[in-house]
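Each remark here refers to the structure printed beneath this line.
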């Protein structure tokens, strides 16, 4: 029985009119039609060809008036399906790709399909006759002869959005031919960024835009509304008739859904099309008089006080997208190098760096006070030691645990939060930040670690460069207003471009490298520039690092800034786990050959810092001491032994076990992920590249 048959003669007459196309089906009839067609495409998704043919016939019978458009979308789905079969006929695949690029496809697939059926690669039983295959392809053989355009305007005929639209159609439609720069019909248009890139020649009807109101300006006949959703810094302009229902709810910060037509723009100067609104739905109202985020300029310091809302600003949303792009690029890089991503613990039993600037992990019991003032604390026993059977801390580095994992699965890496109880109030320091760390076993020379860091940063920045977020952050929009804008808080566009160029530059020469002893000699020759006198024992201050990064790193082409490696620091100012340098004459790939500093054997360690202008150190690494006796000696020399009668090394006995059984030469590095993003985005303060920054005295939400 047909889907549209009814009990009365009048209904039978209407059903006949629907079948012949004399009248358009109503909403319930369309829904039944869609249900039948959804079953058809579900069969295709499951690669069930036989059932798909049955559902195809049922769908055509359900609503013959729409068969022409249905066939077009069927053909689109079949094109996608044939690609999954990986048909061996290269000529036909090239032809399909060429015609798809032109916006129209014409296929003759029966022969290829038959050939692959005999090979058993299509999911159709072997021995199926050619006639049966042709019937499977199309009962009307439309796939062999019919030219069609992907994304045919099926919705514009049905005039309603199906309850669960399939992936073969778009949520917006146009009656004109689909241009080559239109969005693929396989993905519904959803974001503001996608709309701004979509430039159809004729207007598209029944489109839906979801987002937040950035501004609303009332004119004589229309209200000009700027909508954003975080997908791009640029707003989408919508024209709302002044007397339309719901217009009064278009206030800054409101969550809205606008429905209308996507038409060539008559007013907007920076976008080719705009939305002519037919319907306004206020999903979440906003009182613009109390909303903290306003269109006017607001300082970074103020925005840090409202971190739960700060990401709604276009700049901060772009930074979060850049952060996501960086994570994806890093994952791709390490995957290509056969590194295993791991998840080391956050709560640890030791202080990796040995600086003592750690957060203690404690347990808050019901009868304990949260007030830090001792005189206000109520009596309760300390549960810090009893919960973990000893004091525990938030990790300052996952390096030690990565070393353990590296001796199990090979090259490993992680991107995880780290915590340091530093009271530094600078633009480069936070109490919680993300650190990218990697370890490599069976590495004999530090040069291998240096090259890994350089290759990683070059490939990751190259991968990110063309992404929307990176492009928007490199560009600087010129404001017509004389008042200050968020752009004024960023590093200049030329400066940021030089930073990216220095990171991405490919040449036969590696990034500049200089030994610590040579760096001290260079700085002492210019000591009149510095507030702190450079000495061998005191290490490098930030002003020294900035000078080295600017002087040595800006020697590349076009004034670009290349990062600078400083290697072989004094042993006394570096961590206990670093391997001593074998000989002072060893260059380890340094830029200027043997060091001229007074380096005695064992006075330096095989380590490095990576410096960039302004941000100074963004990465550091070393060869790890893999010999048990030497590591024990280094720990004893630094007083890293238990003060009690129980022998041990301050909770690091397990770390020594790694050297006791099957140790091997190994090295690794750690990179300040937030500092890298701050450098590339041109954001002076690292607290502005983190969604919820924490630093001394501030943890707002």
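Residue numbers (this note's numbering): 292 to 992.
Where is the CB? At the ideal position from N, CA and C, for every residue including glycine.
Please read these numbers as outputs of a predicted model, since none were measured by experiment.
Check, Outcome
"Segment contact flag, the segment 717-736 with the segment 938-951, C-beta cutoff 8 angstroms, min 3 pairs", "no"
"Top-ranked residue by Cα proximity to residue 747, from 606, 901, 519 and 598", "901"
"Assigned exposure category for residue 446 - 16 Cβ within 10 Å defines buried", "Low confidence applies to residue 446: its pLDDT is 32, below 50, so where it sits in the model is not reliable enough to give any reading."
"Residue range of the unbroken beta strand (DSSP E) whose run includes residue 501", "495-509"
"Start-to-end residues for the beta strand (DSSP E) that takes in residue 567", "564-575"
"Cα-Cα separation, residue 702 to residue 621", "14 angstroms"
"Those runs of the beta strand (DSSP E) which lie wholly inside the segment 821-862 and span at least 3 residues", "855-858"
"Residue span of the alpha helix (DSSP H) that contains residue 894, given as start and end", "Premise fails: residue 894 is in no alpha helix (DSSP H) and is neither H nor E."
"Beta-ladder partner(s) of residue 513, from DSSP", "532"
"Coil, strand or helix - residue 653 by DSSP", "coil"
"Candidates 783, 637, 679 and 732: closest to residue 697 by CA position", "732"
"Collapsed DSSP secondary structure at residue 974 in the structure displayed", "coil"
"Terminal residues of the beta strand (DSSP E) in which residue 550 lies", "546-555"
"Local conformation of residue 981 per DSSP, three classes", "coil"
"For residue 682, the nearest candidate out of 953, 941 and 798 (CA to CA)", "941"
"Alpha carbon of residue 689 to alpha carbon of residue 779, nearest angstrom", "37 angstroms"
"From 860, 856, 792 and 709, residue whose alpha carbon lies closest to that of residue 849", "792"
"Residue environment, residue 864, which counts as buried when at least 16 other CB atoms sit within 10 Å", "exposed"
"Contact check, residue 596 vs residue 991, beta carbons under 8 angstroms", "yes"
"Coil, strand or helix - residue 583 by DSSP", "coil"
"Which of helix, strand or coil DSSP assigns to residue 866", "coil"
"Bridge partners - residue 989, DSSP secondary structure assignment", "986"
"Stretch pair the segment 901-917 + the segment 962-976: three plus CB contacts closer than 8 angstroms", "yes"
"Coarse secondary structure for residue 489, derived from DSSP in three states", "coil"
"Any beta strand (DSSP E) of 3 or more consecutive residues that is wholly inside the segment 663-746", "703-710 and 723-732"
"Cβ-Cβ distance between residue 831 and residue 855 below 8 angstroms", "no"
"Alpha helix (DSSP H) runs wholly inside the segment 582-646, at least 4 long, in chain order", "591-594, 598-601 and 605-627"
"For residue 912, three-class secondary structure by DSSP", "strand"
"CA-to-CA distance, residue 602 to residue 695, given in whole angstroms", "38 angstroms"
"For residue 503 and residue 546, believed in contact at Cβ under 8 angstroms, the rounded distance", "6 angstroms"
"Chain-order list of residues whose beta-carbon lies under 7 angstroms from that of residue 678 (same chain, five-residue window excluded)", "654"
"Close beta carbons around residue 818, own chain, < 8 angstroms, minus the five adjacent residues each side", "824 and 825"
"Beta-carbon proximity of residue 487 to residue 527, cut-off 8 angstroms", "yes"
"Limits of the alpha helix (DSSP H) - the one that residue 804 falls within", "Counting along the chain, residue 804 falls outside any alpha helix (DSSP H), though it belongs to the beta strand (DSSP E) covering 804-806."
"Given residue 933 as reference, the closest of 590, 561 and 641 once Cα atoms are compared", "641"
"For residue 922, three-class secondary structure by DSSP", "helix"
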